[in-house]
Amino acid sequence: MTRDRLVTLLASRHFQAVVAAIVVVVLAGLIYAGQQELMAKGIVSGFDFLWRSTGWDIGFSLIPYSISDPYWKVLLIGLMNTLFLGFAGLALATLVGVLVGVARTSHNPVLNAIGTIYVETFRNVPLILQAFFWYAVYTHLPPPRRAIEFGDAIFLSARGIYLPGFNISNGAIAICAVLLVVGIVAALWLISSRRLTGWAEARRLPLAGLALVVAAIAIFLVGEAGRIADQPVISMPELRGLNIRGGLRLTSEFAALLTAMSLYGGAYLGEIIRAGFLSIPKGQIEAAKALGFRPFHIFTLVRLPLAIRAILPTLTNQYVWLIKATTLGIAVGFSDFFLVISTSINQSGQTVELLLILMGGFLLINYTIGTVMNAINRSIAIKGQGTRK
Amino acid sequence: MADTMLRTSGVSMEPPRQSALEKFRADYFGRPSDVILTLGGTALLVYIGWTLFQWAILDAAFSADVGPKACEAKAGACWSVIAARWRLMFFGLYPYEEHWRSGLACAIAIGVAILSCVPYFWAAKRLAIAWVLGFAAFVILMRGGIFGLSEVTEEQWGGLSLTIFIFAAVALIGMPLSILLALMRRSSTPFVSVPVGLLIDTVRSLPLITILFTVAVVVPILVPSWLQGEKLYRVIAGMALFFAAYQAEIIRSGIQSLSSGQDEAGRTLGLTYWQRMIYIVLPQAFRRALPPTINQMVITFKETSLIIIVGLFEFLASGNAAYGSGEWAFAYVEVYVFIAFVYFVFVFSLSRYGAYLERRMRIAQH
Numbered sequence: 001m002t003r004d005r006l007v008t009l010l011a012s013r014h015f016q017a018v019v020a021a022i023v024v025v026v027l028a029g030l031i032y033a034g035q036q037e038l039m040a041k042g043i044v045s046g047f048d049f050l051w052r053s054t055g056w057d058i059g060f061s062l063i064p065y066s067i068s069d070p071y072w073k074v075l076l077i078g079l080m081n082t083l084f085l086g087f088a089g090l091a092l093a094t095l096v097g098v099l100v101g102v103a104r105t106s107h108n109p110v111l112n113a114i115g116t117i118y119v120e121t122f123r124n125v126p127l128i129l130q131a132f133f134w135y136a137v138y139t140h141l142p143p144p145r146r147a148i149e150f151g152d153a154i155f156l157s158a159r160g161i162y163l164p165g166f167n168i169s170n171g172a173i174a175i176c177a178v179l180l181v182v183g184i185v186a187a188l189w190l191i192s193s194r195r196l197t198g199w200a201e202a203r204r205l206p207l208a209g210l211a212l213v214v215a216a217i218a219i220f221l222v223g224e225a226g227r228i229a230d231q232p233v234i235s236m237p238e239l240r241g242l243n244i245r246g247g248l249r250l251t252s253e254f255a256a257l258l259t260a261m262s263l264y265g266g267a268y269l270g271e272i273i274r275a276g277f278l279s280i281p282k283g284q285i286e287a288a289k290a291l292g293f294r295p296f297h298i299f300t301l302v303r304l305p306l307a308i309r310a311i312l313p314t315l316t317n318q319y320v321w322l323i324k325a326t327t328l329g330i331a332v333g334f335s336d337f338f339l340v341i342s343t344s345i346n347q348s349g350q351t352v353e354l355l356l357i358l359m360g361g362f363l364l365i366n367y368t369i370g371t372v373m374n375a376i377n378r379s380i381a382i383k384g385q386g387t388r389k
Numbered sequence: 001m002a003d004t005m006l007r008t009s010g011v012s013m014e015p016p017r018q019s020a021l022e023k024f025r026a027d028y029f030g031r032p033s034d035v036i037l038t039l040g041g042t043a044l045l046v047y048i049g050w051t052l053f054q055w056a057i058l059d060a061a062f063s064a065d066v067g068p069k070a071c072e073a074k075a076g077a078c079w080s081v082i083a084a085r086w087r088l089m090f091f092g093l094y095p096y097e098e099h100w101r102s103g104l105a106c107a108i109a110i111g112v113a114i115l116s117c118v119p120y121f122w123a124a125k126r127l128a129i130a131w132v133l134g135f136a137a138f139v140i141l142m143r144g145g146i147f148g149l150s151e152v153t154e155e156q157w158g159g160l161s162l163t164i165f166i167f168a169a170v171a172l173i174g175m176p177l178s179i180l181l182a183l184m185r186r187s188s189t190p191f192v193s194v195p196v197g198l199l200i201d202t203v204r205s206l207p208l209i210t211i212l213f214t215v216a217v218v219v220p221i222l223v224p225s226w227l228q229g230e231k232l233y234r235v236i237a238g239m240a241l242f243f244a245a246y247q248a249e250i251i252r253s254g255i256q257s258l259s260s261g262q263d264e265a266g267r268t269l270g271l272t273y274w275q276r277m278i279y280i281v282l283p284q285a286f287r288r289a290l291p292p293t294i295n296q297m298v299i300t301f302k303e304t305s306l307i308i309i310v311g312l313f314e315f316l317a318s319g320n321a322a323y324g325s326g327e328w329a330f331a332y333v334e335v336y337v338f339i340a341f342v343y344f345v346f347v348f349s350l351s352r353y354g355a356y357l358e359r360r361m362r363i364a365q366h
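Chains as they are written, first to last, in the UniProt record's numbering: chain D, 1 to 389; chain G, 1 to 366.
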């Protein structure tokens with residue numbers, strides 16, 4: 001057979017169909033072998049195990065949990081922990097990212113240099129190394145009795161970090177967090193959306209302010225409703241005996257992951273934000289200057305809306321990536337979704353089912369973030385620019 | 001009237017030229033807010049820089065002779081832990097007398113990586129030959145068993161050389177696989193394109209750790225023992241698949257950015273599918289996809305550190321072991337800073353190279 005004939009054969013549809021058939025046969029064989037192997041080990045497949053009680057404890061939970069609770073509850077707690085850490089990490093990383101991005105686009109060379117040093121330091125070191133580092137730092141802190149104090153409000157100890165907290169139920173705090181996000185998104189949408197016309201367009205800023213005020217009032221009302229009775233609203237941590245009581249305790253595991261995620265993620269987000277601001281054509285800003293806009297208005301009415309449009313698609317990817325990074329919980333022992341799944345696999349042996357749940361969970365998270373961000377992106381995209389997404 | 005005209009004609013219409021000093025003043029002290037930022041920022045940088053310098057150099061202990069006790073008493077960094085444990089960090093459990101082999105293997109791998117950054121090697125054939133030869137030399141040196149080298153099995157590999165081995169193997173397997181996946185996803189046969197698309201999207205939506213965990217921990221439960229193979233190679237296969245899924249999308253976008261005329265021209269010349277791909281489409285697609293490809297390499301190198309989770313003794317794990325044992329337990333900051341520095345050197349130089357390529361390509365386009 002000549003080389004040409006071979007090449008044609010490789011490209012033909014029959015050959016491709018044969019390849020597909022081989023793939024199907026190999027997959028079927030693997031599944032069959034896997035089933036045989038599981039049967040030989042005496043493992044029953046199916047999802048019945050979800051209602052069995054676990055018999056083991058987990059380190060961190062937002063809702064009450066005991067070792068007699070069933071598997072589905074453990075998995076739910078893991079998913080909640082992942083979302084909790086993920087969203088706290090995203091929020092902090094975004095904050096860091098905005099600061100760094102602004103510093104790096106600043107015309108002041110010193111500020112610029114600080115931003116550059118920050119980005120290069122934190123971006124070029126693996127995230128898991130940073131998580132290990134912060135975990136080592138937090139567990140080497142002094143014991144609670146000799147905790148490092150900041151103005152009687154913040155205590156750093158080897159048992160965790162204590163911050164002032166609220167005497168409000170977890171459920172109410174979750175609703176408040178959602179309301180806060182909704183309020184901020186609504187405000188940003190009002191500032192930058194092209195849907196508004198006429199009367200509404202001229203009042204962008206007041207309307208955005210109104211959205212924030214409404215959100216603040218709603219948060220206040222929900223918080224008031226969810227208050228734990230007979231306690232002051234703010235609970236301060238204080239040293240009593242050998243331990244610190246009250247306040248909000250962040251475990252060392254959670255704090256280490258949160259620190260690593262926000263510092264590492266902040267470096268990446270800072271770069272995305274910088275690229276977004278740099279992508280604005282100079283003419284747009286010069287036009288605004290020529291029209292006599294003040295610097296504040298140039299920023300809020302021209303630079304910010306244009307930058308947000310350029311930033312959002314990349315930001316979506318980065319957010320999805322950061323949420324996936326919560327799986328590092330397994331490195332330091334934070335009970336995130338993945339750690340809970342892997343412990344369940346070890347304990348129950350329901351490997352295939354749990355892997356399917358794992359995949360389903362992450363597909364759901366990715367899909368949700370993607371959908372929400374794309375919806376925001378679509379609503380603020382400049383209309384009539386065709387395929388620019 | 002005529003007077004003013006005369007006068008203006010004598011004036012230079014060019015904008016006033018800024019001297020270096022004036023530019024400096026405008027940049028650093030142009031506005032009141034700038035004065036605060038410049039002075040405050042400089043003070044911050046000087047403070048951090050000086051503190052670090054004092055900790056890392058002035059007050060530090062360097063010699064391996066300084067024992068843990070004396071070292072802990074020092075105000076600054078205790079680099080003695082590195083001096084005492086560097087062999088463990090770089091070579092892991094590799095037999096002590098054979099460390100030169102592990103070191104030489106690393107040097108060869110790094111040499112090949114540097115060579116492939118030189119434009120002379122930017123041809124598929126040269127690149128492939130360099131990598132395959134370099135990789136073979138690496139494995140022969142590490143594994144031994146021939147040429148009078150004593151055999152060292154994979155379980156004894158560790159440290160930085162294991163990290164580099166995994167990275168090189170992932171790149172070597174993942175790159176051709178990614179091309180294959182990208183072409184299959186673009187196939188006109190739905191039998192091929194749909195499953196491959198599904199595979200790529202599923203792998204991309206999962207965190208790498210879950211894939212590593214599946215291949216390292218779950219596969220032994222599911223697969224009969226004769227099919228399992230060494231854990232190290234399962235991990236490499238998993239990482240290569242993960243790398244290929246991302247890289248396939250990068251190549252695919254490179255292919256899609258080509259004008260369709262390129263492929264059509266190939267068709268009119270009577271070239272077959274593979275001839276068009278190999279001589280026309282892929283080389284151009286690769287050139288366009290070079291910056292994101294380098295970026296993907298950078299990310300992959302950093303991600304090799306995740307395999308500590310599945311219990312392989314790579315660089316980070318051997319670093320943990322270097323301070324984890326009793327007497328040096330206090331020196332965790334120094335160990336982590338050192339590991340971070342080594343990663344920094346690799347990742348930073350790779351990403352700088354990527355930035356250089358991007359600049360070079362931008363110039364070439366104009």
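Don't be surprised by glycine CBs; every beta carbon is placed ideally from N, CA and C. Just so it is clear, the structure is predicted and the values come from calculations on it, not from any experiment.
| Check | Outcome |
| --- | --- |
| Pairwise C-alpha distance: LEU162/G and MET89/G | 11 Å |
| LEU191/D vs ARG204/D beta-carbon contact at 7 Å | The question names Leu, yet the displayed sequence has Ile at residue 191/D. Yes. |
| 7 Å Cβ cut-off: residues of chain D touching LYS302/G | PRO126 |
| Residues that DSSP places opposite GLY159/G in a beta bridge | GLU314/G |
| Enclosing alpha helix (DSSP H) for ARG101/G [first to last residue] | 99-115 |
| Short CB-CB distance (under 7 Å) between PHE315/G and chain D | no |
| Residue of TYR96/G, ILE211/G, ARG267/G and PHE62/G minimising C-alpha distance to LEU355/D | ILE211/G |
| Alpha-carbon to alpha-carbon, LYS231/G and SER257/G | 39 Å |
| For GLY276/D, the nearest candidate out of LYS73/D, MET261/D, PHE87/D and THR105/D (CA to CA) | THR105/D |
| Pairwise C-alpha distance: LEU75/D and LEU248/D | 24 Å |
| C-beta contact flag for GLN350/D and PHE49/D at 7 Å | yes |
| Identified DSSP bridge partners for LEU248/D | LEU163/D |
| Closer than 7 Å to chain D by CB, THR293/G | no |
| Neighbour list for MET373/D in chain G, Cβ cutoff strictly below 9 Å | Those within 9 Å of MET373/D in chain G number zero; the least Cβ separation is about 15 Å. |
| Interfacial residues, the stretch 48-81 of chain D to chain C, with Cβ spacing under 7 Å | Of the chains in the structure shown, none is chain C; the protein chains are D and G. |
| Nonlocal neighbours in the same chain, by C-beta distance under 6 Å from THR387/D, ignoring five residues either side | Legend: pLDDT at THR387/D = 43, less than 50; position of this residue unreliable, no value from coordinates given. |
| Under the three-state DSSP convention, the category LEU141/D falls into | coil |
| PHE348/G to THR300/G span [Cα, whole Å] | 13 Å |
| Interface partners of GLY34/D on chain G, CB under 8 Å | LEU222 and VAL223 |
| Nearest residue (CA-CA) to ALA322/G, options VAL310/G, PHE338/G, ILE309/G and ILE307/G | PHE338/G |
| DSSP state of ASN243/D mapped onto helix, strand, coil | strand |
| Cβ-based contacts, 8 Å cut-off: residues of the stretch 336-359 of chain G near chain D | TYR336, ILE339, ALA340, TYR343, PHE344, VAL347, PHE348 and SER351 |
| Opening and closing residue of the beta strand (DSSP E) in which residue 392/D lies | With chain D represented from 1 up to 389, any question about residue 392/D goes unanswered, as that position is not in the structure. |
| Cutoff 6 Å; reference PHE167/G; Cβ partners in own chain excluding five residues on either side | PHE301 and THR304 |
| Same chain, Cβ closer than 7 Å to GLY360/D, five either side skipped, listed in chain order | none |
| Buried versus exposed, by CB contacts within 10 Å (16 or more), PRO119/G | exposed |
| With 16 other Cβ atoms within 10 Å as the buried cut-off, status of LYS289/D | exposed |
| Proximity of ALA331/D and ALA158/D at Cβ, strictly below 7 Å | no |
| Supposed contact pair PHE138/G and ILE114/G - C-beta distance, whole angstroms, cut 8 Å | That belief does not hold up - the Cβ atoms of ILE114/G and PHE138/G are roughly 14 Å apart, past 8 Å. |
| Beta carbon proximity, residue 394/G to chain D, threshold 7 Å | No answer is possible for residue 394/G: it lies beyond the span of chain G, which begins at 1 and ends at 366. |
| For GLU271/D, three-class secondary structure by DSSP | helix |
| Entirely enclosed alpha helix (DSSP H) segments - the stretch 191-272 of chain G, minimum 4 residues | 208-213, 219-222, 231-256 and 260-268 |
| Residue burial classification, THR368/D (beta-carbon count within 10 angstroms, cutoff 16) | exposed |
| Residue of GLY97/D, ASN124/D and ASN366/D minimising C-alpha distance to residue 419/D | Outside the displayed span of chain D (1 to 389) sits residue 419/D, for which this structure offers no information. |
| Sequence-distant residues of its chain with Cβ nearer than 6 Å to LEU341/D (five each side left out) | The identity of residue 341/D in the sequence shown is Ile, whereas the question assumes Leu. For ILE341/D, where only same-chain residues beyond five positions count, the Cβ hits under 6 Å are LEU354 and LEU358. |
| Contacts of GLY41/G in chain D (Cβ-Cβ under 7 Å) | VAL110, LEU111 and ILE114 |
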